[in-house]
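Working notes, structure below.
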Amino acid sequence: MKKLLSVLLICLCVLAVTTCSKDEPSDLRKFESALIDVQEAEDHMKETMNHINLNELESLSKTDMADENKKALNQLQDDINNELMPKFDDYEAAAKQLPADSDEVKDLKSSYLETVDDKRQQLNQLNTFVKLCNQSVKANEDILYYTKLFEKNRSRIEENVKKGQEAGNTEEVARFVQKLEDNNKRLKSTAEATIENKDQQAAQDGISEAVMPLIGQQIRDLNKTNIESVQINDARKNAIEMYYSLQNYYETREETMDISEKLSKIDHHKLPKKGEDLEKYDQAFEDELNEVKATYQ
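What follows is the structure, given as structure tokens:
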């Protein structure tokens, strides 16, 4: 009887161990089955990425931005925002729905979600780089616009000064011209010392703390100047507009410095250009999955 009970007890223990050993692989198989659907969503994302001509980013980021290149950069931005990232969102949402009941499979899911996060960070970096390139193009266009506006107002000043001289307002013309010359010398000296600073942060600080306040002071000074001649009053208005265009110019210069600094921190050679470039982030998870599966073989 004791022998029979002993045999029965051994059988029950074996059955219990067998039951436990089947529970984990079942949970794992459910995870792997769902993972196939997740990877299918990832494949759709990769296909979308491959259809976007990201390889041209290498050349576009180096060349002067002609209209054609500007359009190409804008198109890349639109494709990333409207096509690639929505596909990635679908993939990420599917990954978050992976079933995980046991602690072991929960760890696997957590590891997989880390790979998804790594891929998102890479695409975010790519998106940031393209945005910065577009911002750089826009800022350079603005600088050109403000430069032309400055020259336009300077030309008008010269015309009105000439009219003032012809009208016989020589003393007022002389005082006004001298004021502008003094302003320009001071501004040129301050601006050159600021922009030529090799420390970019110091250059940016110099624009906001020295150049901009100086221009503001010169505008206020011109507004307070007592002028009787109609022609010189018109020249003063032109001068104020000229200084406003200078303010916008230097604000944009400061912006371009900030953009350049951010761009310099991104190694565009390492940015993903094809879906396959994201596959390396799967390796750690795949190794972990294979280790878990090996324990049940």
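When the letters of the sequence shown are read in order and numbered with mature numbering (1 follows the signal peptide of the UniProt record, and there is no 0), they come out as residues -22 to -1, 1 to 275.
Glycine is no exception: its CB is placed at the ideal position from the N, C-alpha and C atoms.
query: Leu104 versus Asn59 - alpha carbon distance; result: 11 Å
query: When Pro3, Glu264, Thr125, Lys65 are compared against Ile30, the one with the closest alpha-carbon; result: Lys65
query: Distance, Ala12 Cα to Asn268 Cα; result: 16 Å
query: contact_flag[the stretch 196 to 216, the stretch 235 to 252] where n(CB pairs < 8 Å) is 3 or more; result: no
query: Tyr274 - DSSP class collapsed to helix/strand/coil; result: coil
query: C-alpha gap between Thr93 and Leu256, whole angstroms; result: 9 Å
query: N-terminal and C-terminal residue of the alpha helix (DSSP H) that Leu35 is part of; result: 35 to 38
query: Own chain partners of His22 with C-beta closer than 8 Å, once the 5 adjacent residues on each side are dropped; result: Lys65, Asp68, Tyr69
query: Terminal residues of the alpha helix (DSSP H) in which Ser167 lies; result: 148 to 173
query: Exposed unless 16 or more other CB atoms sit within 10 angstroms - verdict on Ala73; result: buried
query: Residue environment, Lys(-1), which counts as buried when at least 16 other CB atoms sit within 10 Å; result: Because Lys(-1) carries a pLDDT of 49, less than 50, the predicted location of this residue cannot be relied on, and no value is offered for it.
query: Three-state secondary structure (DSSP) of Thr203; result: coil
query: Coil, strand or helix - Ser(-2) by DSSP; result: Interpretation of Ser(-2) is limited by its pLDDT of 46, a score under 50 that renders its predicted location unreliable; the figure taken from the coordinates is listed afterwards. Helix at Ser(-2).
query: Ala180 in three-state terms, based on DSSP; result: helix
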